[in-house]
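Q:
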Amino acid sequence: MRIRYFAHSWLSDWNHGNAHFLRGLASALVGRGHEVRLYEPMPGPRGGWSLAHLLEEPKGAQAVQQMRETFPDLDVRLFGPGGSGTPLSRRYGLPWVQDWREELREAEVVIVHEWNEPELFTWLLGERRRYGFRTLLHDTHHRAWSEPALLDRLPLRELDGVIAFGESVRQLYEKDGRARRSYTLQEGADVVHFRTRGGTEAVDDVVWLGNWGDEERTRELEEFLFQPVREAQAKTKIYGVRYPVEARARLQQTGISYGGYLANLDAPAAYARARVTMHIPRGPYAGALPGIPTIRVFEALASGMALLSAPWTDSETLFTAGKDYWPVRNRVEAAALLVQLLSRPKQRKELGRQGAATVAARHTCGHRAQELEAICHDLG
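FYI, this note's numbering numbers position 93 of the sequence shown as 988, with every residue one higher than the one before it.
1. Between 1115, 1113, 1104 and 1156, which has its C-alpha nearest residue 839's C-alpha?
2. Please look up how many angstroms separate the CB atoms of residue 973 and residue 989, rounded, as I've assumed it's under 8 Å.
3. Indicate the three-state DSSP secondary structure (helix, strand or coil) for residue 1070 in the structure shown.
4. Looking only at its own chain, which residues have a Cβ that is under 8 Å from the Cβ of residue 918, when we skip the five neighbours before and after it?
5. Using DSSP with H/G/I as helix, E/B as strand and the rest coil, what is residue 1140?
6. When the Cα of residue 938 is compared with those of 896, 1015, 922 and 1007, which residue comes out closest?
7. Which partner residues of residue 1029 appear in the DSSP bridge assignment?
8. Among the residues of its own chain, which have a CB less than 6 Å from the CB of residue 1195, if the five just before and after it don't count?
9. Relative to the C-alpha of residue 1175, which candidate in 1115, 1094, 1255 and 1079 has its C-alpha closest?
10. Which full runs of the alpha helix (DSSP H) of 4+ residues lie inside the region 1098-1132, going along the chain?
11. Mind reading off the beta-carbon distance from residue 1059 to residue 1079? Whole number of angstroms is fine, and I expect it under 8 Å.
12. Rounded to whole angstroms, what is the Cα-Cα separation between residue 943 and residue 1222?
13. So what does DSSP say about residue 1034, is it helix, strand or coil?
14. What's the C-alpha gap between residue 1010 and residue 1045?
15. So who's on the other strand from residue 1171, going by DSSP bridges?
16. What are the boundary residues of the alpha helix (DSSP H) that residue 1238 is part of?
17. Quick check on residue 1227: buried or exposed, where buried means 16 or more other Cβ atoms within 10 Å of its Cβ?
18. With distance defined between alpha-carbon atoms, name the residue in 1273, 1240, 1191 and 1258 nearest to residue 913.
19. Any contact between the region 1086-1096 and the region 1244-1264? By contact I mean 3 or more CB pairs, one from each, below 8 Å.
20. Look up residue 943 in the DSSP assignment and give the residues it is bridged to.
21. Would you mind reading off the limits of the alpha helix (DSSP H) that contains residue 1273?
22. Hey, how far is the Cα of residue 1054 from the Cα of residue 903?
23. Taking the alpha-carbon positions, what's the residue 1134 to residue 1074 distance?
24. May I ask which residues mark the beginning and end of the alpha helix (DSSP H) holding residue 986?
25. Taking 7 Å as the limit between beta carbons, can you name the residues of its chain near residue 1218, skipping five residues before and five after?
26. Check whether the region 1090-1097 and the region 1117-1126 touch, using three or more Cβ-Cβ pairs below 8 Å as the test.
27. If you draw a straight line from the alpha carbon of residue 1102 to that of residue 955, how long is it in whole angstroms?
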């Protein structure tokens, strides 16, 4: 198929966890023989919100270069008011779209990630009437539940379909006939880069990768991470962005080391340097939107990590609790099971082995590429 995919950013993963899966999915599609062109809007000289923030990081430019070198198969193209390009396009050897007719006239499927402006959808629907491609919205966020008014800004009924990253989100689009067709496509791990690594000595007891959540899980972080690691006297390191001053002070008070921004492609090495990691879902995924583990769970398990998880409902039976990961119901359980895993390396390794096996068997970007193919074929 000839696929065109618009996303907020392919180059940046700064507070943009969707980029992890989208890169892996696109790479898997290319590997399966599809022609995939990836478009990134450049509303300013430093790109969109995520890319502009990434380039403010000390290692931001290095992270973009790392992405380009790691994914040479991804055909990323920039577009925006710059006309003939920007220093970014020249620095990283990225083409600037000059003629949309050349880009879209042979397209069969055009996918637009939800983090894009409504005007883009409207424009593409106009181009669809000219060229006849299918159009899909790909939603990998909880906005459809937390900010439903945003859906009213999108021409949902005019699109050929909606892809949602969980059945609970898909049902929001099915409700009241908002979308003509809707499909579920869970995220998955890019196992080319996220895999069990041997030969690396663990220097941390616990590592947690996650951005600050706009009060979406502040209480849960305290109960299931900060307090348990302190009680277990576990050497802990956290990576992520947007941590306010008071949050960083709390980490220091708890004895947790804060590493700031970590490029997602460096996450496998961070996992390899630790013994245990935690899953602490944001509020929407722990309650109103069950069945969505989000990308970090897939990636951590693919890396062979022993995973403890705060409460969430696996309504789509993606994993087996107690086998692929250990669930914890409260602070006391979290601390006790953390001590147990840290003191029993064989048990810890078996837990990590089983989780990695489940991801390899069912939840890779390759699996999701096949599922996306089936969705596109269903569109006709």
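Each residue gets a CB set at the ideal place from its N, CA and C atoms; glycine is no exception.
A: With the structure as the only source:
1. A question about residue 839 goes unanswered here, because the residues of the chain that appear run from 896 up to 1275.
2. In the sequence shown, residue 973 corresponds to position 78, counting from 1. In the sequence shown, residue 989 corresponds to position 94, counting from 1. Contact flag correct, Cβ pair sits at about 5 Å.
3. Residue 1070 sits at position 175 when you count from the first residue of the sequence shown. Three-state DSSP puts residue 1070 in a helix.
4. In the sequence shown, residue 918 corresponds to position 23, counting from 1. Hits under 8 Å: 905, 962, 966, 969 and 1085.
5. Walking along the sequence shown from the start, residue 1140 turns up at place 245. Here DSSP, grouped into helix, strand and coil, assigns residue 1140 to helix.
6. As a working note, residue 938 is residue 43 in the sequence shown. It is 1015.
7. For the purposes of this step, residue 1029 is taken as residue 134 along the sequence shown, with counting starting at 1. Looking at the DSSP assignment, residue 1029 forms a beta bridge with 1004.
8. The count along the sequence shown starts at 1 and reaches residue 1195 at position 300. Counting only Cβ-Cβ distances below 6 Å, and skipping sequence neighbours, we find 1172 and 1202.
9. For this step, residue 1175 is matched to residue 280 along the sequence shown. If we check each option's Cα against that of residue 1175, 1115 comes out closest.
10. Correct list: 1113-1116 and 1122-1126.
11. Position 164 of the sequence shown, counted from the start, is the residue given in the question as residue 1059. Position 184 of the sequence shown, counted from the start, is the residue given in the question as residue 1079. Right, their Cβ atoms sit about 6 Å apart.
12. Taking the first residue of the sequence shown as position 1, residue 943 is located at position 48. Taking the first residue of the sequence shown as position 1, residue 1222 is located at position 327. The straight-line gap separating the alpha-carbon atoms of residue 943 and residue 1222 is approximately 38 Å.
13. Taking the sequence shown and counting its residues from 1, the one referred to as residue 1034 is at position 139. In this structure, DSSP gives residue 1034 an extended state, which the three-state scheme calls strand.
14. Stepping through the sequence shown from its first residue, residue 1010 is reached at position 115. Stepping through the sequence shown from its first residue, residue 1045 is reached at position 150. Answer to the nearest angstrom: the Cα atoms are 11 Å apart.
15. Taking the sequence shown and counting its residues from 1, one reaches residue 1171 at position 276. Per DSSP, the beta-bridge partners of residue 1171 are 1101 and 1201.
16. Residue 1238 sits at position 343 when you count from the first residue of the sequence shown. 1226-1238 is the extent of the alpha helix (DSSP H) around residue 1238.
17. For the purposes of this step, residue 1227 is identified with residue 332 of the sequence shown, where counting begins at 1. Per the 10 Å Cβ criterion, exposed.
18. The residue labelled residue 913 in the question sits at position 18 within the sequence shown. It is 1191.
19. In short, these stretches touch, since the Cβ pair count reaches three.
20. What you label residue 943 is simply residue 48 of the sequence shown in a count that begins at 1. Here residue 943 is not bridged, per DSSP, to any residue.
21. Here residue 1273 is taken as the residue at index 378 of the sequence shown, counted from 1. Note, residue 1273: alpha helix (DSSP H), 1260-1274.
22. Taking the sequence shown and counting its residues from 1, one reaches residue 1054 at position 159. Taking the sequence shown and counting its residues from 1, one reaches residue 903 at position 8. The C-alpha of residue 903 is placed about 19 Å away from the C-alpha of residue 1054.
23. Indexing the sequence shown from 1 puts residue 1134 at position 239. Indexing the sequence shown from 1 puts residue 1074 at position 179. Whole-angstrom Cα-Cα distance: 37 Å.
24. On the sequence shown, residue 986 is found 91 positions in, with the first residue counted as 1. Run containing residue 986: 982-986, per the alpha helix (DSSP H) assignment.
25. Your numbering for residue 1218 matches position 323 in the sequence shown. Setting aside the 5 residues that flank it on each side, residue 1218 is surrounded in the same chain by 1249, each with a C-beta closer than 7 Å to its C-beta; the list follows chain order.
26. Here the region 1090-1097 does not lie against the region 1117-1126, with fewer than 3 beta-carbon pairs under 8 Å apart.
27. Here the question's residue 1102 lines up with position 207 in the sequence shown. Here the question's residue 955 lines up with position 60 in the sequence shown. If I take the Cα positions, the gap works out to 22 Å.
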